[in-house]
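**Q**
Protein chains: 2
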Amino acid sequence: MSLIIVGSLALDTIEAPAGSVSEVPGGSSSYCSIAASYFTHPNIVGVVGNDFPESVLALFRDHQINLEGLVIEEGKTFRWGGRYAENFDDRTTLFTELNVFETFNPTLPDTYKDATHVLLANIHPGLQHHVLDQLETESFVVLDTMNLWIDTALDELLTLIKRVDMLVINDEEANMLTQERNYGKAARKLQAMGPDWVVIKKGQHGALLFHGEDVFSVPGLVLDEVKDPTGAGDTFVGALIGYLDQSKEHSFDNMKLAVVFGSVLASFCVQDFSVDGITYLEEADLEERYDKFVIMSQF
Amino acid sequence: MSLIIVGSLALDTIEAPAGSVSEVPGGSSSYCSIAASYFTHPNIVGVVGNDFPESVLALFRDHQINLEGLVIEEGKTFRWGGRYAENFDDRTTLFTELNVFETFNPTLPDTYKDATHVLLANIHPGLQHHVLDQLETESFVVLDTMNLWIDTALDELLTLIKRVDMLVINDEEANMLTQERNYGKAARKLQAMGPDWVVIKKGQHGALLFHGEDVFSVPGLVLDEVKDPTGAGDTFVGALIGYLDQSKEHSFDNMKLAVVFGSVLASFCVQDFSVDGITYLEEADLEERYDKFVIMSQF
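Line by line, the protein sequences give chains A and B. The first sequence lines up with residues 46 to 344 when you count with this note's numbering. The second sequence lines up with residues 46 to 344 when you count with this note's numbering.
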């Protein structure tokens, strides 16, 4: 098995300045796996209720996402509602209904246990630990998390961070974890917690990749319109690990490219609601967007 | 005459988390001209009092800065005092004593009037207009300004922006001038005001260069310690126009390099108080720092 992705699958309701959508595909795993699908065949582990639309499962299958590890339980799918302020300065959670996700205990199918790449997408760190416990071979593990777990499950998160190869967090979370505002100092503290690789996401300012003494900066693409930033971070990390799984190389130069492709997919994500910006993209779409990053940052 | 720089010369008193300094060289022109001196021989126009230290004039001469347009008046030099909060989130102006700068009326020596490059460093837009009125040949003009003039001299500033080739401002100022938070939209509004080239500085996040439909992003160097950010923007634009004056080419590719060298010098500036970070640099220092930008942004 090459890449497994463990995260949430949800139905989202989103209010943003450009419009509103209701009960659309969401959750970290949906974004991660669709983004990764442009580079490899991701295998997901997750749970949905029996109300989860067949059309979304078909969408996953269209993107060559293996659903063997997806459990469909009696009950309702996890639902999340959020509202963005003008200029996306702020996001308010309107509701969180865990439903079948409340008792989710990720169990890897046997065929998943020799994964070469594992993406622990954003879910409770206890569940992320449980996934790692089931692996039977050495994997390259990428961890995504969020402020909620830093606030509510810090000890489990810190022991988890020790176990992973790459930590991907945003600038606020880096600051919460390290009490450092300086990116270099924050990254060194995070590296000292365990991971060889640290990525700090800076929203529209792009992202920074740290490894040993090396730093790489990918810019944020300058976009005229952002419709819905939901899932942009998940999309970024999904494409990143998808690219790694395809190229099977963990050199700094290759990791730079993984980060660039993460940014390429994230730039598509924010241009439409839900996963609409990242579904059914053609190779030419990715190439054109990649070229924009080249023009924008290469001198 | 190749490059002329018109701006302020001051004695600064700075309080920052890393320490305090008093009556040190400051003002937009000091930073701009020293930064430009690594690429060309800048010619400055400005005024100081007869209390201005001879040692600072010697420092300018050491950097091959032509002082023909510098007037030394009876009286005291412009003084500015500022205090930085922890993390440099905020800067408070402690005092501003204009002194001889109050009646400054920049007069170009005849030898300056055929300048190929003109940097209107940060001073009142009325004075910047007056400089352009004295030019006798076509020049490439770069304009730097600040929030103070947007608040207090907007009409003069807007007519000035029409007359220049490149506008360099920071993200807050871009937002003040355009009411746009989106960088792309803000830049297009600024381009529509006149300048072919627009640079939006984003502090530690680097800078964006806009020209027609093209965008270039230079990252901010990740530095462990920032001692004093005073003059970093002036240093950036000084090195930028110095590089242009040396290379005499206004292609997008060359402008990218000018922006990178602006960032190289600005990264030295913030590492020490006053102009100490950018004085007496060796070619090898610049090359080493340039290489860091290459590693950090090229893929």
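We put the CB at the ideal spot given by N, CA and C, even for glycine.
Taking the alpha carbon of A:F339 as the point to measure from, which residue in A:T324, A:S296, A:G322 and A:V304 has its own alpha carbon closest?
**A** Looking up residue 339 of chain A in the first sequence gives position 294. It should be pointed out that residue 339 of chain A corresponds to Val in this sequence rather than to Phe. Nearest option by C-alpha distance: A:V304.
**Q** Find the nearest neighbour of B:G91 within the set B:L253, B:F297, B:L54 and B:D273, judged by alpha-carbon distance.
**A** Working through the second sequence from its first residue, we reach residue 91 of chain B at position 46. Nearest option by C-alpha distance: B:L54.
**Q** Rounded to the nearest angstrom, what separates A:L139 and A:G265 at their Cα positions?
**A** In the first sequence, residue 139 of chain A corresponds to position 94, counting from 1. In the first sequence, residue 265 of chain A corresponds to position 220, counting from 1. Roughly 28 Å separates the two Cα atoms.
**Q** Threshold first: 3 residues or longer. Then list the beta strand (DSSP E) segments lying entirely within the region 131 to 178 of chain A, N to C.
**A** 136 to 142 and 162 to 165, all fully within the region 131 to 178 of chain A.
**Q** Just confirm the distance between the C-beta atoms of B:Q343 and B:L268, as a whole number of angstroms; I'd bet it's less than 8 Å.
**A** Taking the first residue of the second sequence as position 1, residue 343 of chain B is located at position 298. Taking the first residue of the second sequence as position 1, residue 268 of chain B is located at position 223. Actually they do not touch by this definition, with Cβ atoms about 19 Å apart.
**Q** What are the residues in the region 204 to 234 of chain B lying within 9 Å of chain A by C-beta distance?
**A** If the cut-off is 9 Å between Cβ atoms, the region 204 to 234 of chain B has R226, N227, Y228, G229, K230, A232 and R233 near chain A.
**Q** Hey, is B:K301's beta-carbon within less than 7 Å of any beta-carbon in chain A?
**A** As a working note, residue 301 of chain B is residue 256 in the second sequence. Closer than 7 Å: yes.
**Q** Would you mind telling me which residues of chain A sit closer than 9 Å to B:V267, beta carbon to beta carbon, in chain order?
**A** To locate residue 267 of chain B, count along the second sequence from 1; it is residue 222. Neighbours of B:V267 on chain A, chain order: N227, Y228, G229, A232, L253, F255, V260 and S262.
**Q** Could you give the C-beta distance for B:L165 and B:L188, rounded to a whole number, given that I count them as a contact under 8 Å?
**A** On the second sequence, position 120 is the one that residue 165 of chain B refers to. On the second sequence, position 143 is the one that residue 188 of chain B refers to. Going by Cβ atoms, the distance from B:L165 to B:L188 rounds to 5 Å, so yes, they are a contact pair.
**Q** Can you give me the Cβ contacts of B:F97 inside the same chain, cut-off strictly under 6 Å, excluding the 5 residues immediately before and after it?
**A** If you number the second sequence from 1, residue 97 of chain B lands on position 52. Counting only Cβ-Cβ distances below 6 Å, and skipping sequence neighbours, we find T122.
**Q** Here's a check: name, in chain order, each residue in its chain whose Cβ is nearer than 7 Å to the Cβ of A:E131, leaving out the five neighbours to either side.
**A** As a first step, residue 131 of chain A must be located in the first sequence, where it is residue number 86. The residues are P62.
**Q** In chain order, what residues of the region 108 to 141 of chain A put their CB closer than 8 Å to some CB of chain B?
**A** Answer set for the region 108 to 141 of chain A: N132.
**Q** For A:V305, decide whether its Cβ has a neighbour in chain B, counting only Cβ atoms nearer than 7 Å.
**A** The count along the first sequence starts at 1 and reaches residue 305 of chain A at position 260. Answer yes: the Cβ-Cβ gap between A:V305 and chain B drops below 7 Å somewhere.
**Q** Return helix, strand or coil for B:D96, following the three-state DSSP convention.
**A** One-based indexing of the second sequence puts residue 96 of chain B at position 51. Coil, per DSSP.
**Q** Tell me where the beta strand (DSSP E) around B:L331 begins and ends.
**A** For this step, residue 331 of chain B is matched to residue 286 along the second sequence. Element bounds for B:L331: not the beta strand (DSSP E) but the alpha helix (DSSP H), E328 to S342.
**Q** Span of the beta strand (DSSP E) holding A:V305?
**A** What you label residue 305 of chain A is simply residue 260 of the first sequence in a count that begins at 1. Unbroken run through A:V305 is the alpha helix (DSSP H), F297 to C314; no beta strand (DSSP E).
**Q** Mind checking which residues open and close the alpha helix (DSSP H) that includes B:I195?
**A** Looking up residue 195 of chain B in the second sequence gives position 150. Here the alpha helix (DSSP H) through B:I195 covers N192 to T197.
**Q** Verify the CB distance criterion: does A:S100 have a CB-CB separation below 7 Å to chain B?
**A** The count along the first sequence starts at 1 and reaches residue 100 of chain A at position 55. No, no contact with chain B.
**Q** Could you name the residues of the same chain whose beta carbon sits closer than 7 Å to that of A:P151, not counting the 5 residues immediately before and after it, in chain order?
**A** Within the first sequence, the letter at position 106 stands for residue 151 of chain A. Correct list, in chain order: V51, V90, L172, H175 and V176.
**Q** Given that A:S312 touches chain B, what residues does it touch there, using C-beta distances under 7 Å?
**A** Numbered from 1 along the first sequence, position 267 holds the residue referred to as residue 312 of chain A. Simply none; closest approach about 12 Å.
**Q** State the CB to CB distance for the pair A:F345 and A:T161, rounded to an integer number of angstroms; the pair is presumed to be in contact (CB under 8 Å).
**A** What the structure shows of chain A is the stretch from 46 to 344, and residue 345 of chain A is not part of that stretch, so it cannot be assessed.
**Q** Given that A:Q343 touches chain B, what residues does it touch there, using C-beta distances under 7 Å?
**A** Position 298 of the first sequence, counted from the start, is the residue given in the question as residue 343 of chain A. Simply Q343.
**Q** Take A:I286 and list the residues in its own chain whose beta-carbon comes closer than 7 Å to its own, dropping the five residues that flank it on each side.
**A** Counted from its first residue, the first sequence places residue 286 of chain A at position 241. Within the same chain, A:I286 has close Cβ partners L48, A81, H162, L164 and V187.
**Q** Does the CB of B:H250 have a neighbour CB from chain A at under 7 Å?
**A** In the second sequence, counting from the first residue as 1, residue 250 of chain B sits at position 205. Yes, contact with chain A.
**Q** Where does the unbroken alpha helix (DSSP H) through B:D57 begin, and where does it stop?
**A** In the second sequence, residue 57 of chain B corresponds to position 12, counting from 1. From DSSP, B:D57 is part of no alpha helix (DSSP H) but of the beta strand (DSSP E) over A55 to A61.
**Q** List the endpoints of the continuous beta strand (DSSP E) containing A:N220.
**A** Counting from one through the first sequence, the residue named residue 220 of chain A turns up at place 175. Element bounds for A:N220: not the beta strand (DSSP E) but the alpha helix (DSSP H), D216 to T223.
**Q** Throw me the rounded Cβ distance for the A:L254 and A:T280 pair, which I believe falls under 8 Å.
**A** Stepping through the first sequence from its first residue, residue 254 of chain A is reached at position 209. Stepping through the first sequence from its first residue, residue 280 of chain A is reached at position 235. That belief does not hold up - the Cβ atoms of A:L254 and A:T280 are roughly 17 Å apart, past 8 Å.
**Q** Tell me, please, whether the region 100 to 107 of chain B touches the region 65 to 80 of chain B by the rule of three or more beta-carbon pairs shorter than 8 Å.
**A** Flag = yes, the region 100 to 107 of chain B and the region 65 to 80 of chain B touch.
**Q** Listing by chain order, which chain A residues have their CB less than 8 Å from the CB of B:K247?
**A** Start at 1 with the first residue of the second sequence, and residue 247 of chain B comes out as number 202. Those within 8 Å of B:K247 in chain A are H250.
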